[in-house]
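Colleague: Keeping their order, the protein sequence lines are chains B and H. Going left to right, the first sequence walks through residues 2 to 386 as my numbering numbers them. Going left to right, the second sequence walks through residues 38 to 337 as my numbering numbers them. Glycine is no exception: its CB is placed at the ideal position from the N, C-alpha and C atoms.
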Amino acid sequence: MVAQLLPEFERQHPGVHVRVQQLPWTAAHEKLLTAFVGDSTPDIAQLGNTWIPEFAELGAIAPLDARVAASPAVPREDYFPGIWESNFVDGTQFGVPWYVDTRVLFYRADLVRRAGCPDPPRTWARWEQCLAGVKRVAGAGNYAILLPLNEFAPLTALALQQDDPILADGGRRGNFRSPGFRRALSFYVSLFDQGLAPTATDTQISNVWDEFGKGYFSYYVSGPWNIGEFRRRLPPSLQQDWRTAPLPGPTGPGTSVAGGSSLVVFRASRHPEAAWQLVEYLSRIDVQERFRQLTGDLPPRRSAWDAPVLAADREAHAFREQLERVRPMPRVPEWEHIADEIQIVSSLAVHGRLSVEEAAAELDRRVDAMLEKRRWMLARRRSAP
Amino acid sequence: MSANARPLAGARLAAWILAGPALVVLAVFFAFPVVAAFALSLTDFDVYAIADLRNLRWVGLANYGALLSTPLFWTALGNTLYFVVVGVPLSIGLSLAAALALHSRLARWKAFFRTALFAPVVTTVVGVAVIWRYLLHTRYGWINYVLGTVGIDPIDWLGDPHWSMPSIIVFAVWKNFGYNMIILLAALQAIPDDLYEAARIDGASALQQLRHITLPSLGPVLLMVSILTLSGYFQLFAEPYVMTQGGPLQSTVSVLYLMFEQGFKWWNLGTASAVAFLLFAILLALTTSLLRLARGRGAS
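(1) Is there a C-beta anywhere in chain H that falls below 9 Å from the one on Asn-143 of chain B?
(2) Please report the residue range of the alpha helix (DSSP H) in which Pro-203 of chain H lies.
(3) Ignoring anything shorter than 3 residues or poking outside the stretch 315–348 of chain B, list the beta strand (DSSP E) runs there in chain order.
(4) Ser-201 of chain H and Thr-80 of chain H: beta carbons closer than 9 Å?
(5) Less than 9 Å between the beta carbons of Arg-176 of chain H and Pro-191 of chain H, yes or no?
(6) So what does Leu-168 of chain B bridge to, in DSSP terms?
(7) Leaving out five residues before and five after Ser-337 of chain H in sequence, what residues of the same chain have Cβ atoms less than 8 Å from its Cβ?
(8) How is Ser-262 of chain B classed by DSSP in three states: helix, strand or coil?
(9) Taking the straight line between their C-alpha atoms, what separation do you get for Phe-120 of chain H and Phe-271 of chain H?
(10) Would Asp-164 of chain B be called buried (16 or more neighbouring beta carbons within 10 Å of its own) or exposed?
(11) Give the residues of chain H in contact with Glu-58 of chain B, contact being defined as C-beta atoms less than 8 Å apart.
(12) Thinking C-beta only, is Ala-88 of chain H closer than 9 Å to Glu-58 of chain B?
(13) Could you tell me whether the stretch 250–263 of chain H touches the stretch 299–317 of chain H, where touching means 3 or more Cβ pairs closer than 8 Å?
(14) Is it the case that the CB of Met-330 of chain B approaches a heavy atom of the ligand ATP more closely than 8 Å?
(15) Should Arg-142 of chain H be labelled buried (16 or more other beta-carbon atoms within 10 Å of its own) or exposed?
(16) Please look up how many angstroms separate the CB atoms of Ile-180 of chain H and Leu-127 of chain H, rounded, as I've assumed it's under 8 Å.
(17) Please name the residue in B:Ala-29, B:Asn-50, B:Pro-54 whose C-alpha comes closest to that of Pro-43 of chain B.
(18) If distances are taken between C-alpha atoms only, which option among B:Trp-52, B:Val-19, B:Trp-26 comes closest to His-338 of chain B?
(19) May I ask which residues mark the beginning and end of the alpha helix (DSSP H) holding Leu-59 of chain B?
(20) Enumerate in chain order the residues of its own chain whose CB-to-CB distance from Leu-355 of chain B is below 8 Å, with the five nearest sequence positions on each side excluded.
(21) How many angstroms separate the CA atom of Trp-304 of chain H from the CA atom of Tyr-278 of chain H?
(22) Name the residue from B:Leu-48, B:Pro-15, B:Ala-110, B:Ala-313 whose alpha carbon lies nearest to the alpha carbon of Asp-242 of chain B.
(23) To the nearest angstrom, how far is it from the Cα of Asn-176 of chain B to the Cα of Ser-87 of chain B?
(24) For Asn-50 of chain B and chain H, any beta-carbon pair shorter than 9 Å?
(25) Does the stretch 117–129 of chain B come close enough to the stretch 93–100 of chain B to have 3 or more Cβ pairs within less than 8 Å?
(26) Rounded to a whole number of angstroms, what is the C-alpha to C-alpha distance between Met-38 of chain H and Gly-47 of chain H?
(27) To the nearest angstrom, report how far apart Val-65 of chain H and Phe-75 of chain H are at their CA atoms.
(28) Distance check for Val-123 of chain H and Leu-234 of chain H, CA to CA, integer angstroms please.
(29) If you measure from the beta carbon of Ala-336 of chain H to each beta carbon in chain B, is any gap under 9 Å?
(30) Can you tell me whether Val-17 of chain B is helix, strand or coil according to DSSP?
(31) Just how far apart, CA to CA, sit Leu-184 of chain H and Trp-194 of chain H?
(32) Do you know whose CA, among H:Ala-275, H:Glu-298, H:Ser-268, H:Pro-285, lies nearest Leu-323 of chain H's CA?
(33) How far does the beta strand (DSSP E) with Gln-5 of chain B in it reach, from first residue to last?
(34) Please report the distance separating the alpha-carbon of Val-163 of chain H from that of Val-210 of chain H.
(35) Mark Gly-333 of chain H as exposed unless 16 or more other C-beta atoms lie within 10 angstroms of its C-beta, in which case mark it buried.
(36) For my contact list, Gln-162 of chain B and Ala-185 of chain B are in at a C-beta cut-off of 8 Å; report their separation, rounded to the angstrom.
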């Protein structure tokens, strides 16, 4: 898709030729890591923003603070703050947001109206009432909300809504026994305990759109790619009946995860100037709008959201609102492994194998063990001259 | 003596020269990687070490110690043993039954059934896993539908931690039994007919023939098939990887799956190598004792 944006860049920058190599998302991380070991990194790449701390730690990607400060093409105040922040590691910027990803609520407007919840819930308490209402009207065998047990994002979003950070001590230790995380986990587990959410993974529900259409669940916490999927896969008769809304929070509108993808320049690049020019070009509002039309990916700049098509898109609107309230996930190289453990241990709690207290302690134990190397490295770095 | 020593030395040299190329290949592609992997398992090689080798720590046997005190390792080992203990006899039993049925004089359309029963072996795991996921689907799967007709409530095959491993076992056995079936069928066909003829003249029943002629004649082949199946089943990976991703509640995480996650998902290559060597030690111990057992039986 990006390839279609490049001819204009090459026209504006004679002498620069861009070769694009496409990588499937699932293989990209491994491939880029191998490229780094083999000294054959590209000049510029798109990196999931949760990978940035790892590649920064490796010394594979270049700091961009000076370039961003000097560039009028990347105006910091136009970017959603949480997304912008996710590109910083220990105060240094390593990426420029390219497109965004977060989680919002997808819901069946017709069913929640019947349950007495015409307006999207803003608080956890109201949300719980609505879920209970939906469960009552949904019929036997159906549920109120789908929270796939193989996804860490919904629970992570609830945890980011708390005042306590997920990791403590500068990312050296887990902070899962904090009141905040325990509150998020008990709320999450209670949705399963009350029979409002099925204890199922994505793979067990072979077709979420089909099930959503049948009313198996009426709320679903999911990301921007599902706007396109819902439009494509739900029958025309249901197209007026699905909506999106920002996530509810403990006491008011809630925070969600600041995911997405960023543009980075590799340290080993032999054309850092041209690479940065490409970053600037891809950050242009008109280019971002074209990219959105090509892929459906949502832009990280507020002014790109003023484009007529996007501004008129009803289902995208919840994302626009949510993006003002997103927080980066913990920025340590181990995060993806930690997220995996959060998902595993929380399913143990959902299945009743662990209480919330035990799950929190278990998470702290596992994550502290995982971060041992990081603690050792940070201690050594501080003592080094 | 001295007259004898020279030709012997020459022969030795010739032997080394002839075996040399093969030994070099073995050393480069087998011995060296094994030694390197063992050395790796004594370090904490990870992403940080990729960044800078000074971040590499020599940890001795700490990886092994940490693994042996990690509940997940024991879970994985327990899951793998469950898979092996149930899966291997089931697989060989089914292979033997199918081979006997195909070998029987009464069987019709032998070529068709032989091909049909062997077909799962040549399919790709990923492809048939999709079909099996539909068969096993809680609400729309055929298996629950059939069970429903006899009044059994739907079972969440891949979502319930008690049923996930049995589902994986059934899937793996279905996928693999055809291979052993072909080997056993060939062995059955090699048993001379005179033995059965003589037994029938002596008035042996079909069961007695099976017990005293067929099974003893198959002995060596059964031993080989058991060892191959045992070591193959210990390396359980693809089935849980495509069917359950190790879930639910890590009830289908196998030892090899654990190694894959540690090594290629989280890049803890030191830990992953340690897992590999532990699995190697277990397999070596098991197959050696199996061989010993068989040899002891053979002698008596």
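Modeller: So, from the data block:
(1) It does not; no Cβ of chain H falls within 9 Å.
(2) Boundaries of the alpha helix (DSSP H) harbouring Pro-203 of chain H: 198–226, taken from the DSSP string.
(3) Whole beta strand (DSSP E) segments, 3+ residues: zero.
(4) Going by C-beta atoms, Ser-201 of chain H is not nearer than 9 Å to Thr-80 of chain H.
(5) Yes, the Cβ-Cβ distance between Arg-176 of chain H and Pro-191 of chain H is below 9 Å.
(6) DSSP lists B:Gly-175 as partners of Leu-168 of chain B.
(7) Because Ser-337 of chain H carries a pLDDT of 43, less than 50, the predicted location of this residue cannot be relied on, and no value is offered for it.
(8) In the displayed model, Ser-262 of chain B falls within a strand according to three-state DSSP.
(9) For Phe-120 of chain H and Phe-271 of chain H, the distance between alpha carbons rounds to 8 Å.
(10) Asp-164 of chain B comes out exposed.
(11) What Glu-58 of chain B touches in chain H: Val-84, Tyr-85, Ala-88.
(12) Result yes, Cβ atoms of Glu-58 of chain B and Ala-88 of chain H sit closer than 9 Å.
(13) No: the two stretches stay apart, fewer than three of their Cβ pairs being nearer than 8 Å.
(14) Although the ligand ATP was asked about, the structure shown includes no ligands whatsoever.
(15) The Cβ neighbour count for Arg-142 of chain H, taken over all protein chains shown within 10 Å, is under 16; the residue is labelled exposed.
(16) Incorrect: roughly 17 Å between the Cβ atoms, too far for contact.
(17) Comparing Cα positions, the closest option is B:Ala-29.
(18) Checking every option, the nearest Cα to that of His-338 of chain B belongs to B:Trp-52.
(19) Per DSSP, the unbroken alpha helix (DSSP H) holding Leu-59 of chain B starts and ends at 53–59.
(20) Here the set comprises Val-346, Leu-349, Glu-363.
(21) Taking C-alpha positions only, Trp-304 of chain H is separated from Tyr-278 of chain H by approximately 18 Å.
(22) Of the listed residues, the one whose Cα sits closest to Asp-242 of chain B is B:Ala-110.
(23) Here the alpha carbon of Asn-176 of chain B sits roughly 20 Å from the alpha carbon of Ser-87 of chain B.
(24) Output row for Asn-50 of chain B: interface = no.
(25) No, they do not touch.
(26) Reliability fails at Met-38 of chain H, whose pLDDT of 46 lies under 50, so the model's placement of it is uncertain and the value that follows must be treated cautiously. Going from the Cα of Met-38 of chain H to the Cα of Gly-47 of chain H covers about 15 Å.
(27) Taking C-alpha positions only, Val-65 of chain H is separated from Phe-75 of chain H by approximately 15 Å.
(28) Residue identity check: residue 234 of chain H is Glu in the sequence provided, not Leu. Near 36 Å, if we compare the C-alpha coordinates of Val-123 of chain H and Glu-234 of chain H.
(29) Its pLDDT being 48, under 50, Ala-336 of chain H is placed unreliably by the model, and the measurement read from it follows with that caveat. Judged by the 9 Å Cβ criterion, Ala-336 of chain H is not in contact with chain B.
(30) Three-state DSSP puts Val-17 of chain B in coil, outside helix and strand.
(31) In this structure, the alpha-carbon of Leu-184 of chain H lies about 12 Å from that of Trp-194 of chain H.
(32) From the listed residues H:Ala-275, H:Glu-298, H:Ser-268, H:Pro-285, the smallest Cα separation to Leu-323 of chain H is found for H:Ser-268.
(33) Neither: Gln-5 of chain B is in no beta strand (DSSP E) and is coded neither H nor E.
(34) Distance between the alpha carbons of Val-163 of chain H and Val-210 of chain H: 15 Å.
(35) By the 10 Å Cβ count, Gly-333 of chain H comes out exposed.
(36) Under the criterion of beta carbons closer than 8 Å, Gln-162 of chain B and Ala-185 of chain B qualify as touching, at roughly 7 Å.
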